[in-house]
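Numbering (the numbering used here), first residue to last: 173 to 449.
Just so you know, even glycine gets a beta-carbon here, dropped at the ideal spot from N, CA and C.
Small disclaimer: the values here were computed from a predicted structure and weren't measured.
Notes follow the structure.
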Amino acid sequence: MSTSLQTIGAIKSYHHQAQHLVKNYLLADPFIPYTSVLTGIFLCKVVYDLCHFISNSHSKTYIILTKIQRIEWNNRGISTVHAIFISAMSLYFVFWSDLFSDRWHNDLVVFRSSRLSCLGLGLSIGYFIADLGMIFWKYPSLGGLEYIVHHSLSGVAVAYSLFSGEGQLYTYMVLISEITTPEINLRWYLDTAGMKNSMAYVVNGVFIFVAWLVARILLFIYMFYHVYLHYNQVMRMHIFGYVLVFGVPAALGVMNLVWFGKIVRGVKKTLAKRCEC
Numbered sequence: 173m174s175t176s177l178q179t180i181g182a183i184k185s186y187h188h189q190a191q192h193l194v195k196n197y198l199l200a201d202p203f204i205p206y207t208s209v210l211t212g213i214f215l216c217k218v219v220y221d222l223c224h225f226i227s228n229s230h231s232k233t234y235i236i237l238t239k240i241q242r243i244e245w246n247n248r249g250i251s252t253v254h255a256i257f258i259s260a261m262s263l264y265f266v267f268w269s270d271l272f273s274d275r276w277h278n279d280l281v282v283f284r285s286s287r288l289s290c291l292g293l294g295l296s297i298g299y300f301i302a303d304l305g306m307i308f309w310k311y312p313s314l315g316g317l318e319y320i321v322h323h324s325l326s327g328v329a330v331a332y333s334l335f336s337g338e339g340q341l342y343t344y345m346v347l348i349s350e351i352t353t354p355e356i357n358l359r360w361y362l363d364t365a366g367m368k369n370s371m372a373y374v375v376n377g378v379f380i381f382v383a384w385l386v387a388r389i390l391l392f393i394y395m396f397y398h399v400y401l402h403y404n405q406v407m408r409m410h411i412f413g414y415v416l417v418f419g420v421p422a423a424l425g426v427m428n429l430v431w432f433g434k435i436v437r438g439v440k441k442t443l444a445k446r447c448e449c
């Protein structure tokens, strides 16, 4: 009985110490940017391993893939999980949270942030770092120069917003565009599984077209309109942040338009084949 009480006391002591560590260090405001980035990188590794384990056990397609195809399969699993997480966070902060609302705050919207908003951005940076590392490791099998440019611009902009606390609203607006990633990845999975001629492939192509139009074209227009309405606040940001607010979305917007043109041609080609059949 004495031994049991000592064990319970030790467990409670360790539990209290762990809570103290998390509350006063890992989740303390000065450390959130660093702990969230490291956590994001760690979670990418966890998701990669889970994708490999689950796919290897339950997918007949995965077993017959080449080594580089398996790496891309697992890597796309990471990007899908990240996209679902960050797009949900972004939609919440942009459209539902009061953090960036003009109705409930008198301070400047470009300087607002919270623990949760910083945590989300840090996890996203962890993903961009991990994915860039994968791209460089297997270059160009997992993506060419356009992916490097896209991830680098996004990573720099998100990192600045996290560590400076500036422009987090506009960062989350741009990150909503990640909502198109699961559809893009699903298209690759269907193609790899030999289902390119299936109805699911056609429906997925239509979803990509609609999601891309809304999240990567119209939403960017809305973001620039919001910047226009709050330009007097944007001007008070640091010059580097000011340039990022205009430069990064503009560069990504051009890339989105180029890719959208390819999507339109792909959808037309797929629908034309279905009509011929």
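Boundaries of the alpha helix (DSSP H) in which residue i is found, first to last residue
i: M261; result: K239 to L263
i: T211; result: I204 to H230
i: V382; result: M371 to W384
i: S326; result: L317 to S336
i: Y400; result: L391 to L401
i: N357; result: T353 to T364
i: Y342; result: Q340 to L347
i: L288; result: R287 to W309
Top-ranked residue by Cα proximity to residue i, from the options
i: H402; options: F308, F203, T207 and F283; result: F283
i: F308; options: K232, S231 and V321; result: V321
i: S273; options: K310, A422 and Y342; result: Y342
i: G294; options: L390, Y400, F214 and K434; result: F214
i: L347; options: F257, I236 and V219; result: F257
i: K310; options: G366, M409, Y394 and R242; result: R242
i: Y394; options: G366, K239, Y234 and S349; result: S349
i: D221; options: T233, V328, N247 and H410; result: N247
i: K441; options: Y400, I240, L429 and K368; result: K368
i: M371; options: G433, R388, V328 and L443; result: L443
i: V415; options: V328, E355 and I356; result: V328
i: L358; options: I240, T252 and C223; result: T252
i: A387; options: S259, S227 and F225; result: S259
i: I356; options: P421, F300, S313 and W431; result: W431
i: W360; options: S326, Y397 and L314; result: L314
i: F392; options: I411, P421 and L304; result: P421
Own chain, CB closer than 7 Å to residue i, minus 5 neighbours either side, in chain order
i: L271; result: F265, R284, S286 and S289
i: I435; result: I380, F381 and W384
i: G413; result: Y332, S336, E338 and G339
i: Q405; result: L280, V281 and V282
i: G438; result: G377
i: T233; result: T364 and A365
i: L263; result: I348
Any non-hydrogen atom of the ligand MN closer than 7 Å to residue i Cβ
i: W384; result: Looking for the ligand MN in the displayed structure turns up nothing, as the structure carries no ligands at all.
Other residues of its chain near residue i: CB distance less than 6 Å, five sequence neighbours each side excluded
i: F335; result: P205
i: T211; result: none
i: L424; result: none
i: S208; result: L291, G294 and L295
i: I250; result: C216, V219 and Y220
i: A302; result: I213 and C216
i: A255; result: E350, T353 and P354
Burial state of residue i (16 or more Cβ within 10 Å)
i: G292; result: buried
i: M345; result: buried
i: N278; result: exposed
i: W268; result: exposed
i: W276; result: exposed
i: C216; result: buried
i: G316; result: exposed
i: H230; result: exposed
i: T353; result: buried
i: L390; result: exposed
i: L193; result: Unreliable placement is indicated for L193, whose pLDDT of 47 sits below 50; the coordinate value is still reported in the next sentence. Label assigned to L193: exposed.
i: R408; result: exposed
i: N428; result: buried
i: S324; result: exposed
i: G298; result: buried
i: V426; result: exposed
Own chain residues within Cβ distance below 8 Å of residue i, not counting five before or after
i: L237; result: W245 and T364
i: V399; result: Y342, V406, V417 and F418
i: V374; result: T442, L443 and R446
i: V330; result: L293, S296, I297, F300, T343 and L347
i: L304; result: I320, H323, S324 and G327
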